[in-house]
Structures are given as C-alpha cells and as structure tokens.
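Enquirer: Numbering (my numbering), first residue to last: 505 to 628. The beta-carbon is built from N, C-alpha and C at its ideal position, and this holds for glycine as well.
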C-alpha cells in the first residue's frame with residue numbers, strides 16, 4: 505500500500521479538546537470507506553508519513569492524529585514549563601472519542617503501534 509499521491513488527498517485539521525490542548529489530525533482515503541484510526545507510539549512521538557501506508561486509501565477513510573502533547577499537537581511535551589498533568593490515559597481516551605464525534609464517525613477500526621496498542625485497548 506502506498507500513501508496518498510499528493511497533499512490534496514489529505515484533509516488536515518486541529519481540534520480544541522479543552523484544557524488548553526489542541527490536537528492535530530489528518531484524514532485520507534475515500535469518504536465512504538471503512539473508518540480506521542491509527543494510534544502512534546510514544547508517548548512523545550507523533551504520526552509520520554509511514555503511518556499513511558498502513559491502510560489502503562481506496563478502501564478506508566483513515567484518521568491519524570497526534571495525541572495530546574505529541575507531534576504537531578500543542579502544547580508540545582518538549583516546551584519548557586509544560587504542565588503534563590492532563591496527559592493521562594483517561595484523557596487520551598476521551599480525546600479519541602471527541603475526535604470520533606467531531607468527524608461524524610459512528611464506529612471505526614482502531615489500530616495502534618507500541619504505546620498506541622495499549623491506548624487502543626484502553627479505548628476499546
């Protein structure tokens with residue numbers, strides 16, 4: 505499987521999840537495809553172009569997002585004097601659910617790598 509051919513195949517956005525956190529997300533694939541959420545490892549990393557190769561964009565609507573304080577989400581964990589007290593598994597699960605509702609997705613397949621697999625189990 506290959507990632508989208510060009511940037512126009514991607515839809516990117518920022519979701520305000522409250523408590524001063526903004527999560528970055530992107531979608532690609534066909535809008536009528538089976539929704540699939542990709543949860544990256546870490547904590548601390550973020551989604552990479554490699555994550556776009558995990559699902560066939562001709563069959564899936566793929567959602568990638570950078571978990572709170574990771575990747576392109578803000579504030580980032582590397583910022584000086586960052587308060588990470590809200591970066592909990594419970595809040596990450598709530599963030600996933602807020603994103604699902606925001607995108608209007610009823611149900612989705614959830615895939616996680618490394619820490620993302622643990623988060624996927626907590627979300628399930």
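Applying the 10 Å Cβ sphere with the 16-neighbour rule, what's the burial state of residue 603?
Expert: Position 99 of the chain shown, counted from the first residue, corresponds to residue 603. Per the 10 Å Cβ criterion, buried.
Enquirer: With residue 619 as the anchor, note down where its alpha helix (DSSP H) starts and where it stops.
Expert: The sequence position of residue 619 within the chain shown is 115, counting from 1. Looking at the DSSP string, the run of the alpha helix (DSSP H) that includes residue 619 is 619-627.
Enquirer: Nearest CA to the CA of residue 570: which residue from 524, 537, 544 and 522?
Expert: Along the chain shown, one-based indexing puts residue 570 at 66. It is 544 whose Cα lies nearest to the Cα of residue 570.
Enquirer: To which residues of the same chain is residue 613 closer than 6 Å at the C-beta, ignoring the five residues directly before and after it?
Expert: Mapped onto the chain shown, residue 613 falls at position 109. Around residue 613: 540.
Enquirer: In the DSSP assignment, find the unbroken alpha helix (DSSP H) run with residue 601 in it and report its ends.
Expert: Indexing the chain shown from 1 puts residue 601 at position 97. Start and end: 593-606.
Enquirer: What are the boundary residues of the beta strand (DSSP E) that includes residue 514?
Expert: Position 10 of the chain shown, counting from 1, holds the residue named residue 514. Element bounds for residue 514: 514-522.
Enquirer: Along the beta strand (DSSP E) that carries residue 568, what are the first and last residues, could you check?
Expert: Here residue 568 refers to the residue found at position 64 of the chain shown. 564-569 is the extent of the beta strand (DSSP E) around residue 568.
Enquirer: Can you tell me whether residue 536 is buried or exposed? The criterion is at least 16 other CB atoms within 10 Å of its CB, across all chains shown.
Expert: Taking the chain shown and counting its residues from 1, one reaches residue 536 at position 32. By the neighbour-count rule (16 or more Cβ atoms within 10 Å), residue 536 is not buried but exposed.
Enquirer: Whole angstroms is fine: what's the gap from residue 620's alpha carbon to residue 542's?
Expert: Start at 1 with the first residue of the chain shown, and residue 620 comes out as number 116. Start at 1 with the first residue of the chain shown, and residue 542 comes out as number 38. Straight-line Cα distance between these residues: approximately 8 Å.
Enquirer: Is residue 615 helix, strand or coil when you go by DSSP?
Expert: As a first step, residue 615 is located in the chain shown; it is residue number 111 there, counting from the start. Reduced to three states, the DSSP call for residue 615 is strand.
Enquirer: Determine the closest residue to residue 538 out of 591, 583, 567 and 579, with distance taken between C-alpha atoms.
Expert: Counting from 1 along the chain shown, the entry for residue 538 is found at position 34. Cα-wise, what sits closest to residue 538 is 567.
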